[in-house]
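Student: The structure is given below, and queries will be raised subsequently.
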Amino acid sequence: MFVVLVVIAVLVLGTILIHNAIIGRFNASRRAWGDVIAQERQKNEILPALEKVAKDYASHEQGLMEKVTALRGALAGLSGEHIDTRQLAEAEQHMGELLSRLNLTVEAYPDLKATDTYGKLMHEITEQQQNVGAAIRIFNRNVERFNTGIEVFPNSLINRLFTHKKPLDTFDDSQAAAGIEFKPKF
26 MFVVLVVIAV
36 LVLGTILIHN
46 AIIGRFNASR
56 RAWGDVIAQE
66 RQKNEILPAL
76 EKVAKDYASH
86 EQGLMEKVTA
96 LRGALAGLSG
106 EHIDTRQLAE
116 AEQHMGELLS
126 RLNLTVEAYP
136 DLKATDTYGK
146 LMHEITEQQQ
156 NVGAAIRIFN
166 RNVERFNTGI
176 EVFPNSLINR
186 LFTHKKPLDT
196 FDDSQAAAGI
206 EFKPKF
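So my numbering is basically just the index in the sequence shown, starting at one, shifted up by 25.
Right under this line is the structure:
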């Protein structure tokens, strides 16, 4: 009788520990997604300076303002509550288009390159892009841990019976992936 009670207690304790670990990894993934959103929104802080530079050259380059507006719209659509890697990819695409357009503007108007404001702005944009990249890598790592945690046995059984969490999507940049010849076979 005592042995049966010990076995039952171990099973209950194991179930509770596995359930809590799944929830912990899920919450870590949500927190990492929130960090990605925070970094994306941080880029939003530099947009007023970018708009000023664009307005200074607006008579020459209207397309730059359109790209800034598109980026603002994409950033506004990101939410910390719901993990939507597609919207993040869209915001990253708008940022890439904006940077290429800004580089075209600099080529057309070399005096822009010489301004202190432009130099600081480009440094800040580069730094923000690196921060977003780091946040995305951390997010993907957390998603990987979570997904593995709900797919391995006995966690998969506990998840199916009690926790009911579904695998999360990692962030994937299809444009960047298209430029890589190697395609792993999973």
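Heads up, the beta-carbon is just placed ideally off N, CA and C, and yes, glycines get one too.
1. Please report the straight-line C-alpha distance between K190 and A63, rounded to a whole angstrom.
2. In three-state terms, what does DSSP make of P73?
3. Using the beta-carbon count (16 or more within 10 Å), is R111 buried or exposed?
4. Identify whether T40 lies in helix, strand or coil by the three-state DSSP scheme.
5. Report the residue from T195, I48, M26 whose alpha carbon sits nearest the alpha carbon of A114.
6. Are there 16 or more other CB atoms within 10 angstroms of the CB of R56, so buried, or fewer, so exposed?
7. Using the three-state DSSP reduction, which class does D197 fall into: helix, strand or coil?
8. Going by beta carbon distance, what residues of the same chain come within less than 8 Å of I161, once the five residues before and after it are set aside?
9. Taking the beta carbon of K68 as the centre, do at least 16 other beta carbons fall within 10 Å, making it buried, or is it exposed?
10. What's the C-alpha gap between F187 and L193?
11. Tell whether a beta-carbon distance below 9 Å holds between S54 and N167.
12. Expressed to the nearest angstrom, what Euclidean distance is found between the alpha-carbon atoms of K145 and E122?
Tutor: The structure says:
1. 25 Å
2. helix
3. exposed
4. helix
5. T195
6. exposed
7. coil
8. V61, L113, F196
9. buried
10. 18 Å
11. yes
12. 19 Å
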